[in-house]
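Peer 1: To start, I am sharing the structure in question, which I have written as structure tokens.
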Amino acid sequence: MKKIIEYGLIILCMIPLFFINIKTSHDWGDDFAQYIHQAKNIAEGISQNETGYIFNANNAVMGPQAYPTGFPLLLSTVVAFSGIDFSAFNLFTTLFLALTCFVGFLILRLHVSFLAAFVTTLIIAYNPVFLYFKTEILSDLPFAFFSMLCIYIIHKKENIFLSLLLGFSMAFAMHIRSVGTLLVIVFVIYQLFFKNNIRHFSFKQHLHTGITLVSLVLVYFIIKFSFPCNTNYPSIFETENYWHTVNDHISYNSYHLSWMFRGYETKYYYYIGVITSSCLIVFSILGFIHFFKENKKSLINLYVVGYLFIIMSFKFSDAGMRFLFPVLFFIFLYAIIGLKKSLESLMSNTKWFTICIGALVLFSYKDEITKIIDTQDSIIDGPNTPFAMEMFNYINTSTEKNCVIEFDKPRALALYTHVNAVAFDPGISPEDFKRDLNAFKPDYILTCENVSPQNIKSYTQNDTSLCKLIYTNELFKLYKVVR
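Using the working numbering, the first residue of the sequence shown is number 105, and each one after it goes up by one.
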């Protein structure tokens with residue numbers, strides 16, 4: 105009965121998330137368009153590779169030819185019922201935020217009190233950074249949910265249903281993000297060396313491990329062959345200077361972890377964010393040391409260390425808080441333990457301290473959450489603004505189908521129009537600009553005052569022997585490439 109009350113209370117507290125910051129538009133992020141286009145293709149029975157996006161190896165930061173199929177497969181259920189409806193997409197990502205927080209609460213409850221777990225879950229769920237982030241149509245929240253669900257299931261008493269569910273969840277996590285492979289590695293290491301003794305191997309002892317691995321392989325390959333796509337992500341260690349990359353990403357991610365409590369408006373209460381972010385970093389390190397000392401064979405330690413190692417090694421991991429979210433609850437777990445150990449010599453009962461800290465942090469969200477609610481009906485600067493829709497309509501009615509257009513947001517352009525789209529490197533030189541014109545042979549070049557790099561705008565405006573202006577509105581200019 106106690107657990108039912110706890111679960112009911114945390115679920116009840118997640119419900120307001122579905123009414124905060126539900127947008128009808130999206131920004132120019134462009135990744136979202138690739139996910140939606142792949143989801144649309146799945147719903148329509150079309151290959152995920154046929155999105156109209158032309159990959160440019162000279163501008164690899166733009167993203168791969170296609171993303172892994174897991175998130176588009178999930179998103180295709182929304183597309184099938186609602187079409188391209190951003191309110192529906194926002195509710196969908198909000199669902200995964202709520203589910204992730206619920207599983208995070210369950211994991212915290214394995215190690216800390218209900219009060220500490222409850223307050224921490226609210227602090228994460230209603231943090232303005234995540235209230236903004238849940239409007240982004242990205243794979244981070246679904247991956248965080250499936251990966252944390254795997255960690256929680258491994259902690260539970262084994263049975264056939266949970267073994268099958270674990271295999272399914274790990275397979276799906278791998279199809280959402282390639283880093284999901286770490287879950288399988290961690291699971292096998294934990295089962296063979298931490299939980300059981302490999303020197304005394306028995307069929308009965310590893311029956312559920314076998315069920316999990318068999319279901320994992322079956323689900324993984326069923327999805328792989330049923331919904332194929334060609335993604336060309338770089339490898340983990342594909343970087344020019346590994347030592348520089350690791351140190352740069354440690355600095356970058358530490359900064360953004362601290363920005364979780366400083367990256368929003370607090371007016372007279374900025375000190376709350378400064379103190380909270382400092383405490384989170386310091387006490388999470390102390391807590392990890394304590395937790396490792398007392399739980400040397402912990403699955404959580406194994407996963408967190410492995411995950412952070414991969415993220416710090418991957419050259420494109422400078423993406424704000426996105427890549428930290430799958431381990432954020434574990435970082436908070438360490439911080440709770442570190443803070444508790446530090447306070448033990450000062451006070452015997454930390455209940456009121458927990459309530460006061462939680463109330464203070466949640467209070468610091470007040471101004472920014474009010475701002476979010478007041479502006480959630482406004483159209484975000486992106487492909488859904490009137491000027492953008494006007495340009496897309498012109499392209500659809502006045503250009504030939506499957507023509508090639510160069511634009512800095514090619515995947516959004518391909519989603520909203522009938523063209524193929526490519527993007528040149530933002531810092532491209534005049535010589536390389538002409539090289540890419542010859543290589544990709546775009547029929548048109550589209551520029552936008554808000555998103556196009558200045559040098560590409562200059563090249564198209566200044567060299568009339570290369571480009572001729574054929575349409576313009578207040579934000580966009582469409583040029584015909586002269587052949």
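In this text, a Cβ means the ideal position worked out from N, Cα and C, and glycines have one as well.
State yes or no: is the beta carbon of Ile-389 nearer than 8 Å to at least one beta carbon in chain B?
Peer 2: Among the chains of the structure shown, chain B does not appear; only one protein chain is present.
Peer 1: Let's see if you can read the secondary structure: which residues bound the beta strand (DSSP E) around Glu-510?
Peer 2: Translated into the one-based positions of the sequence shown, residue 510 becomes position 406. It spans 508-510 - the beta strand (DSSP E) in which Glu-510 sits, taken as one unbroken run.
Peer 1: Quick check for students: name the residue ranges of the beta strand (DSSP E) that lie wholly in the region 544-578, counting only runs of 3 or more.
Peer 2: The qualifying runs are 548-552, 571-576.
Peer 1: For Asn-554, does the count of other Cβ atoms within 10 angstroms reach 16, so buried, or fall short, so exposed?
Peer 2: Working through the sequence shown from its first residue, we reach residue 554 at position 450. By the neighbour-count definition (other C-beta atoms within 10 Å, threshold 16), Asn-554 is an exposed residue.
Peer 1: For Trp-456 and Phe-436, I'd like the C-alpha separation in whole angstroms.
Peer 2: In the sequence shown, residue 456 corresponds to position 352, counting from 1. In the sequence shown, residue 436 corresponds to position 332, counting from 1. Each residue's alpha carbon lies about 19 Å from the other.
Peer 1: In the DSSP assignment, the beta strand (DSSP E) including Leu-582 goes from what residue to what residue?
Peer 2: To locate residue 582, count along the sequence shown from 1; it is residue 478. Here the beta strand (DSSP E) through Leu-582 covers 580-585.
Peer 1: Please name the residue, chosen from Leu-179, His-310, Leu-573, that lies closest to Phe-291 on a Cα-to-Cα basis.
Peer 2: In the sequence shown, residue 291 corresponds to position 187, counting from 1. Checked all of Leu-179, His-310, Leu-573; the closest Cα to Phe-291 is His-310.
Peer 1: With a threshold of 16 other CB atoms inside 10 Å of the CB of Arg-515, please say whether the residue is buried or exposed.
Peer 2: Within the sequence shown, the letter at position 411 stands for residue 515. Answer is buried; the Cβ neighbour count reaches 16.
Peer 1: Enumerate, from N- to C-terminal direction, the unbroken alpha helix (DSSP H) stretches of 4 or more residues contained entirely within the region 150-226.
Peer 2: The alpha helix (DSSP H) runs lying completely inside the region 150-226 and spanning 4 residues or more are 174-186, 190-213, given in chain order.
Peer 1: Once DSSP output is grouped into helix, strand and coil, what is the label at Val-526?
Peer 2: Residue numbering aside, residue 526 sits at position 422 when the sequence shown is read from its first letter. Correct three-state label for Val-526: strand.
Peer 1: What did DSSP end up calling Leu-242 once you bin it into helix, strand or coil?
Peer 2: The sequence position of residue 242 within the sequence shown is 138, counting from 1. Leu-242 falls in the coil class under three-state DSSP.
Peer 1: Which class does Lys-505 belong to by DSSP, given the choice of helix, strand or coil?
Peer 2: Numbered from 1 along the sequence shown, position 401 holds the residue referred to as residue 505. In this structure, Lys-505 counts as coil in the three-state DSSP scheme.
Peer 1: Count the other C-beta atoms from every protein chain shown that fall within 10 angstroms of the C-beta of His-348, then say buried if there are 16 or more, exposed otherwise.
Peer 2: Within the sequence shown, numbered from 1, the residue matching residue 348 stands at position 244. His-348 should be labelled exposed.
Peer 1: Provide the residue span of the alpha helix (DSSP H) that contains Glu-148, from first to last.
Peer 2: In the sequence shown, the residue the question calls residue 148 occupies position 44. 135-148 is the span of the alpha helix (DSSP H), which, as asked, contains Glu-148.
Peer 1: For the alpha helix (DSSP H) containing Val-290, name the first residue and the last one.
Peer 2: By one-based count along the sequence shown, residue 290 stands at place 186. Its alpha helix (DSSP H) spans residues 285-293.
Peer 1: Rank Thr-313, Val-288, Phe-272, His-353 by C-alpha distance to the C-alpha of Leu-608 and give the top, closest one.
Peer 2: Any question about residue 608 goes unanswered here, given that the chain covers just 105 to 587.
Peer 1: Evaluate contact between the region 254-273 and the region 216-228, counting only Cβ atoms and requiring at least three cross-stretch pairs below 8 Å.
Peer 2: no
Peer 1: Can you give me the C-alpha to C-alpha distance between Tyr-356 and Phe-429, rounded to a whole angstrom?
Peer 2: As a first step, residue 356 is located in the sequence shown; it is residue number 252 there, counting from the start. As a first step, residue 429 is located in the sequence shown; it is residue number 325 there, counting from the start. Going from the Cα of Tyr-356 to the Cα of Phe-429 covers about 15 Å.
Peer 1: Could you tell me if Thr-503 is buried or exposed, where buried requires 16 or more neighbouring beta carbons within 10 angstroms of its beta carbon?
Peer 2: Position 399 of the sequence shown holds residue 503. Result: buried.
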